[in-house]
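Below is one structure, written out as structure tokens; comments come after it.
Numbering (our numbering), first residue to last: 24 to 195.
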């Protein structure tokens, strides 16, 4: 059985990795609990929230609370597109597991390949360990992430502003 191309053994590796570094696993959809929560395939896997608490986070106020949770961490490891986007938008450094084409595509388009781990590679676990260690202990690697993200955020704001101007023109 697989989740985002990761077999149960690899999910256990990620779970143990998070335990080792005292990181939270924050599922982004209810189906994630099948693999990191109470489901049959998730037996023994570490998860930071339960499905009931997660459902409460889906409310308007809960959503804001879940976003605020990101500020409790020094970095993230994202394996979904919106986990990657949220962390970048909140200026939270991260390592991105390319379990989805959109994660890899966003990394390529926005200069984040040095912070991306291709889970299709045989040595992805060692690569994750290496990049995570560099993010935590190498000031230049971390500073480079912030430089890339700052440039990206400025570009995203510019694109958004241009789109808003176009919409405004259209509505007039």
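The beta carbon of each residue, even a glycine, is placed where N, CA and C say it ideally should be.
To the nearest angstrom, how far is it from the Cα of residue i to the Cα of residue j?
i, j, result
"residue 134", "residue 170", "10 Å"
"residue 132", "residue 175", "10 Å"
"residue 47", "residue 194", "44 Å"
"residue 182", "residue 172", "15 Å"
"residue 35", "residue 142", "14 Å"
"residue 29", "residue 126", "15 Å"
"residue 164", "residue 145", "24 Å"
"residue 129", "residue 41", "24 Å"
"residue 44", "residue 185", "41 Å"
"residue 93", "residue 113", "8 Å"
"residue 147", "residue 140", "6 Å"
"residue 168", "residue 159", "12 Å"
"residue 157", "residue 33", "21 Å"
"residue 88", "residue 166", "28 Å"
"residue 161", "residue 38", "24 Å"
"residue 187", "residue 31", "44 Å"
"residue 245", "residue 149", "Missing from the structure shown is residue 245; the chain here goes from 24 to 195 and no further."
"residue 106", "residue 177", "20 Å"
"residue 189", "residue 104", "27 Å"
"residue 111", "residue 192", "30 Å"
Go ahead and label residue i buried or exposed: buried means 16 or more other beta carbons lie within 10 angstroms of its beta carbon, across all protein chains shown.
i, result
"residue 138", "buried"
"residue 154", "buried"
"residue 119", "buried"
"residue 100", "buried"
"residue 49", "buried"
"residue 90", "exposed"
Could you check which residue in the options has the C-alpha nearest to that of residue i?
i, options, result
"residue 117", "98, 92, 132, 130", "98"
"residue 122", "151, 90, 89", "151"
"residue 124", "102, 88, 90", "102"
On the DSSP bridge assignment, give the partners of residue i in chain order.
i, result
"residue 99", "117"
"residue 122", "DSSP lists no partner for residue 122."
"residue 49", "Its beta-bridge partners do not exist; DSSP assigns none."
"residue 156", "BP columns for residue 156 are empty, so no partner."
"residue 139", "119"
Tell me, to the nearest whole angstrom, how far the beta carbon of residue i is from that of residue j; I am working on the premise that it is less than 8 Å.
i, j, result
"residue 115", "residue 96", "7 Å"
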